[in-house]
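Going by numbering that gives the first Met the number 0, the residue at position 198 of the first sequence is 197; the numbering climbs one at a time, nothing skipped. All C-beta atoms, glycine included, are put in the ideal place defined by N, C-alpha and C.
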Amino acid sequence: MPLSIATWNINSVRLRIGLVEQFLKLHSPDILCLQETKCPNDQFPSKPLKALGYEYIVMHGQKGYHGVATISRLPLTELVERRDYCGVGDARHVSVVFRHGGKSIRLHNFYVPAGGDEPDRTINPKFGHKLDFIEEMKLLHADAEAGISSILVGDLNIAPLEHDVWSHKQLLKIVSHTPVEVDGLMEVMTRGAWVDLMRRKIPADQKLYTWWSYRAQDWAKADRGRRLDHIWSSADLDPHLSEITVLREARGWERPSDHVPVMATFDL
DNA sequence: ATGGTTGGACGCCAA
0 MPLSIATWNI
10 NSVRLRIGLV
20 EQFLKLHSPD
30 ILCLQETKCP
40 NDQFPSKPLK
50 ALGYEYIVMH
60 GQKGYHGVAT
70 ISRLPLTELV
80 ERRDYCGVGD
90 ARHVSVVFRH
100 GGKSIRLHNF
110 YVPAGGDEPD
120 RTINPKFGHK
130 LDFIEEMKLL
140 HADAEAGISS
150 ILVGDLNIAP
160 LEHDVWSHKQ
170 LLKIVSHTPV
180 EVDGLMEVMT
190 RGAWVDLMRR
200 KIPADQKLYT
210 WWSYRAQDWA
220 KADRGRRLDH
230 IWSSADLDPH
240 LSEITVLREA
250 RGWERPSDHV
260 PVMATFDL
């Protein structure tokens with residue numbers, strides 16, 4: 000049985016609900032995880048999503064900032080969690096559990112803090128917050144619950160590998176690719192026994208980006224991207240991964256997000 | 001070396 004899971008930092012779900020509908024019509028993932036919805040729960044545009052068959056919507060929103068939502072055409076169980084990483088009240092995580100092909104799967108949807116511009120926590124509290132958030136993520140294990148497989152997706156705001164950025168050397172002091180962040184994220188992955196599914200299909204020596212800045216004159220021509228969005232899983236799902244799709248073309252859609260959708264397809 | 005753009009809420013912060 001095929002299963003497809005997509006993740007997309009939408010940068011305002013109300014502004015870009017049309018693009019979400021377009022993506023769902025074109026690629027029809029079973030579940031889509033959105034980040035940076037910037038939308039209170041009571042203003043979430045559920046109606047057009049339900050009309051497309053996505054009847055199960057779990058939100059963790061707040062006014063103006065952050066916000067995540069998981070929208071599904073597969074039934075979701077009652078086992079929903081919204082964790083307050085760093086205890087600051089930000090809406091940056093939601094997880095759901097669903098059943099598919101005889102497996103129970105917990106799906107974590109994360110929006111990790113961007114961390115500001117200065118990669119020094121003594122002068123930039125936002126960078127400190129990001130490091131603390133990553134530290135707390137190290138406690139999250141892919142095998143945390145007996146009998147439940149795990150998938151972790153989202154905008155992790157870190158590009159860990161050399162070819163996850165357009166220039167490793169030029170980005171070493173740029174927040175998202177500094178060694179302290181990269182080491183932290185790799186530690187989250189190894190301690191939690193997570194598998195980086197995107198790099199299981201696209202070798203680490205190939206450039207791979209999911210985000211291109213709004214500030215470039217011609218994003219496609221410059222192609223100065225970063226892989227900030229990720230799909231991880233517990234080891235048991237790895238052999239069932241059939242396909243990874245990074246929808247680069249979505250960066251060229253009308254009034255786009257600066258992130259593009261990433262989709263994993265499994266055969267379970 | 002610098003500045004470039006976008007969104008939300010309301011002059012400016014976050015990304």
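Own chain, CB closer than 8 Å to Ile56, minus 5 neighbours either side, in chain order:
Phe43, Ser45, Leu48, Lys49, Ala68, Thr69, Ile70 and Ser71
With a threshold of 8 Å on Cβ separation, who are the neighbours of Gln21 within its own chain once the five nearest residues in sequence on each side are excluded?
Trp252
My output table needs one value for Tyr84: the three-state DSSP class, helix, strand or coil.
DSSP, read as helix, strand or coil, puts Tyr84 in helix.
Suppose you measure from the CA of Lys102 to the CA of His239; what does that come to, to the nearest Å?
Spanning the two alpha carbons is a distance of roughly 12 Å.
Quick one: grab the DSSP three-state call for Leu31.
strand
In whole angstroms, what separates the C-alpha of Glu242 from that of Ser233?
Between Glu242 and Ser233, the C-alpha separation is close to 16 Å.
Relative to the C-alpha of Val93, which residue among Asp154, Leu51 and Ser11 is closest?
Asp154
Report the rounded CA-to-CA distance for Arg13 versus Arg105, giving the unit in angstroms.
27 Å
Val174 - DSSP class collapsed to helix/strand/coil:
Three-state DSSP puts Val174 in coil, outside helix and strand.
Span separating the alpha-carbon of Trp268 from that of Phe109:
It is not possible to answer for residue 268, since the shown part of the chain is limited to 0 through 267.
So, are the CB atoms of Thr6 and Ile201 less than 8 Å apart?
no
Report the residue from Asp41, Val96, Gly183 and Leu25 whose alpha carbon sits nearest the alpha carbon of Ala145.
Relative to the Cα of Ala145, the nearest Cα in the group Asp41, Val96, Gly183 and Leu25 belongs to Val96.
Candidates Glu80, Tyr53 and Gly86, of which the one nearest Pro74 by Cα:
Tyr53
Candidates His128, Asn40 and Ile173: which alpha carbon is nearest Gly224's?
Ile173
Taking Val245 and Leu207 to be in contact with their CB atoms under 8 Å, please state how far apart those CB atoms are, rounded to whole angstroms.
7 Å
Same chain, Cβ closer than 6 Å to Lys137, five either side skipped, listed in chain order:
So the qualifying residues of the chain are Glu186, Val187 and Arg190.
Going by DSSP, which residues form a beta bridge with Val194?
Ser232
Grab the span of the alpha helix (DSSP H) containing Glu20 for me, first residue to last.
Ile16 to His26
Considering only the beta carbon of each residue, do Ala249 and Val261 sit closer than 8 Å?
no
Measuring only the C-alpha atoms, how far is Ala219 from Glu77?
42 Å
Tell me which same chain residues have a C-beta within less than 6 Å of the C-beta of Glu180, skipping the five on either side of it?
Within the same chain, Glu180 has close Cβ partners Ile157.
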